[in-house]
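Protein chains in written order, with UniProt numbering: chain U, 1 to 192; chain Z, 1 to 321.
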């Protein structure tokens, strides 16, 4: 039976005609749908074309995620630590949010210039610049005083940068919601 | 004789005014057609049925995505974005509900009319909203994604913000390629569509996933707590308006902050004011696709975050008093 199903999965996949009952049977069979998914991933990898295969996959995803939903804790800002943790789980950073990316960037290149209060050589008010070396010269980078810094400092700095970057993204997301609710853009239009 | 002289002067005057009028009209027309292209793009981004794939490049990161949109009576308005590398991450929009699905995290939904992850939300709305701070110049044609594309640039009027170069499909109005540049012309972010199929009706998948149950909406998260500290932003670049001011704590490290969010319709930045405590780093700057700048002001730490040039972030931070 299972072999049969494999065959029809494969037939279906190759766009060969199989009858509606077989399709129904396949859809009901979790193993078969998973098989389908594996095929599709393989084909996608070969053809670089994933358009047609998305639907199965997302329904699977969503089914799984919906079943987890009951455990979800409604987050709130700043009421208690546990709530904050809940909130941070909610806001898994999104790719464009670039949190992961920025973190990586920060990790790769942490250039400290004048972190300690004025050194004998005379420090200026230049900040420590953490910049992305590969993306090219975005802003002038002061490399004058590159020195290894203590692990603690480094971690603290990274954490602090992350905190703010993530928070900014969250605020933007929330703002979108408010935006579409209240249309504060009228105010924006007034600017000359 | 005199009449003839008068007449020729008169004619000359008419000719000259005529030329001026024509050239004025031309610049107007150019501006208009720039805005027209933009508005056509906005229309495509909200009304077209398409399936596409694209790469999003920022810094040394390249991220491939699948992006689909459906708009027809059967599906209503739907949009789906799937990250193709790394952890499975999807955003699904059905009308004004946007669900974020992440394999390793709780899913949540937001209220918005666009997914906004790839192109700025402002690209889906009329250019009138940006007109106060930005202008459009119309470039020539180019071949992008094998299509006939129109090049336009969106520049800030003060030349102090990031600008965008866009290539818009002449046939359908879809943006095919986007480059975000800083004020010295260096590339900050890029988006390139790598395939695009425009359809008469919504992609099949959209019909199926329209009925997917959305994760819970993030609601009532914005507890509007008034700001606490006497220090606040005194200056914003022209065209930037304050969207919100409140206080909360940062999720990652629980630092209590006053938060101010500014937007010019396209670019946004946040100003944070935190009470300085032991171990806080006071002089930080990060400049990549997001800029971060922080500096000390008396007993406070002022941090500016957003898609604005570092020099602007510096100026904003300096004016927080």
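Heads up, the beta-carbon is just placed ideally off N, CA and C, and yes, glycines get one too. This structure is a prediction, so every number in the text was calculated from the model and none was measured.
Identified DSSP bridge partners for residue i
{"i": "residue 233 (chain Z)", "result": "Z:320"}
{"i": "residue 91 (chain Z)", "result": "Z:81 and Z:100"}
{"i": "residue 195 (chain Z)", "result": "Z:53"}
{"i": "residue 167 (chain Z)", "result": "Z:151 and Z:177"}
{"i": "residue 137 (chain Z)", "result": "Z:153"}
{"i": "residue 241 (chain Z)", "result": "Z:263"}
{"i": "residue 322 (chain Z)", "result": "Nothing can be reported for residue 322 (chain Z): it is not among the residues displayed for chain Z, which extend from 1 to 321."}
Same chain only: Cβ atoms within 6 Å of residue i, ignoring 5 sequence neighbours per side
{"i": "residue 91 (chain U)", "result": "Annotation note: pLDDT 40 at residue 91 (chain U) (below 50); position unreliable, coordinate value reported separately. Result list for residue 91 (chain U): 170, in chain order."}
{"i": "residue 58 (chain U)", "result": "Caution is warranted here: a pLDDT of 41 is assigned to residue 58 (chain U), below 50, making its placement in the model unreliable, and no coordinate value can be reported."}
Cβ neighbour criterion (16 or more within 10 Å) applied to residue i
{"i": "residue 167 (chain Z)", "result": "buried"}
{"i": "residue 228 (chain Z)", "result": "exposed"}
{"i": "residue 239 (chain Z)", "result": "buried"}
{"i": "residue 152 (chain Z)", "result": "buried"}
{"i": "residue 20 (chain U)", "result": "exposed"}
{"i": "residue 292 (chain Z)", "result": "buried"}
{"i": "residue 218 (chain Z)", "result": "buried"}
{"i": "residue 103 (chain Z)", "result": "exposed"}
{"i": "residue 27 (chain U)", "result": "exposed"}
{"i": "residue 129 (chain Z)", "result": "buried"}
{"i": "residue 177 (chain Z)", "result": "buried"}
{"i": "residue 87 (chain Z)", "result": "exposed"}
{"i": "residue 136 (chain U)", "result": "Confidence at residue 136 (chain U) is low in this model, with a pLDDT of 33, below 50, so its placement is unreliable and the value that follows should be read with caution. With fewer than 16 other Cβ atoms within 10 Å, it is exposed."}
Below-8 Å beta-carbon distance, residue i vs any chain Z residue
{"i": "residue 167 (chain U)", "result": "yes"}
{"i": "residue 155 (chain U)", "result": "no"}
{"i": "residue 27 (chain U)", "result": "no"}
{"i": "residue 101 (chain U)", "result": "In this predicted model, residue 101 (chain U) has a pLDDT of only 38, less than 50, meaning its place in the structure is not dependable enough to derive any value."}
Where the alpha helix (DSSP H) through residue i begins and ends
{"i": "residue 206 (chain Z)", "result": "204-209"}
C-beta neighbour in chain U for residue i, strict 8 Å
{"i": "residue 280 (chain Z)", "result": "yes"}
{"i": "residue 162 (chain Z)", "result": "no"}
{"i": "residue 290 (chain Z)", "result": "yes"}
{"i": "residue 172 (chain Z)", "result": "no"}
{"i": "residue 229 (chain Z)", "result": "no"}
{"i": "residue 259 (chain Z)", "result": "yes"}
{"i": "residue 266 (chain Z)", "result": "no"}
{"i": "residue 166 (chain Z)", "result": "no"}
{"i": "residue 272 (chain Z)", "result": "yes"}
{"i": "residue 306 (chain Z)", "result": "yes"}
{"i": "residue 252 (chain Z)", "result": "yes"}
{"i": "residue 54 (chain Z)", "result": "no"}
{"i": "residue 244 (chain Z)", "result": "yes"}
{"i": "residue 286 (chain Z)", "result": "yes"}
{"i": "residue 185 (chain Z)", "result": "no"}
{"i": "residue 303 (chain Z)", "result": "yes"}
{"i": "residue 255 (chain Z)", "result": "yes"}
{"i": "residue 110 (chain Z)", "result": "yes"}
Residues near residue i in its chain [Cβ-Cβ closer than 7 Å; skip 5 each side]
{"i": "residue 160 (chain Z)", "result": "183, 237, 309 and 312"}
{"i": "residue 101 (chain U)", "result": "Confidence in residue 101 (chain U) is poor, its pLDDT being 38 and thus under 50, which makes the residue's placement too unreliable to answer from."}
{"i": "residue 54 (chain Z)", "result": "65, 67, 118, 191, 192, 193 and 194"}
{"i": "residue 224 (chain Z)", "result": "246"}
{"i": "residue 47 (chain Z)", "result": "71"}
{"i": "residue 287 (chain Z)", "result": "310"}
N- and C-terminal bounds of the beta strand (DSSP E) containing residue i
{"i": "residue 306 (chain Z)", "result": "300-306"}
{"i": "residue 263 (chain Z)", "result": "256-263"}
{"i": "residue 323 (chain Z)", "result": "The displayed coordinates of chain Z run from 1 to 321. Any statement about residue 323 (chain Z) would go beyond what the structure contains."}
{"i": "residue 109 (chain Z)", "result": "108-111"}
Same chain, Cβ closer than 8 Å to residue i, neighbours up to 5 away in sequence not counted
{"i": "residue 197 (chain Z)", "result": "50, 51 and 52"}
{"i": "residue 319 (chain Z)", "result": "233, 234 and 235"}
{"i": "residue 57 (chain Z)", "result": "63, 189, 190, 191 and 192"}
{"i": "residue 284 (chain Z)", "result": "292, 293, 294 and 303"}
{"i": "residue 321 (chain Z)", "result": "231, 232, 234 and 297"}
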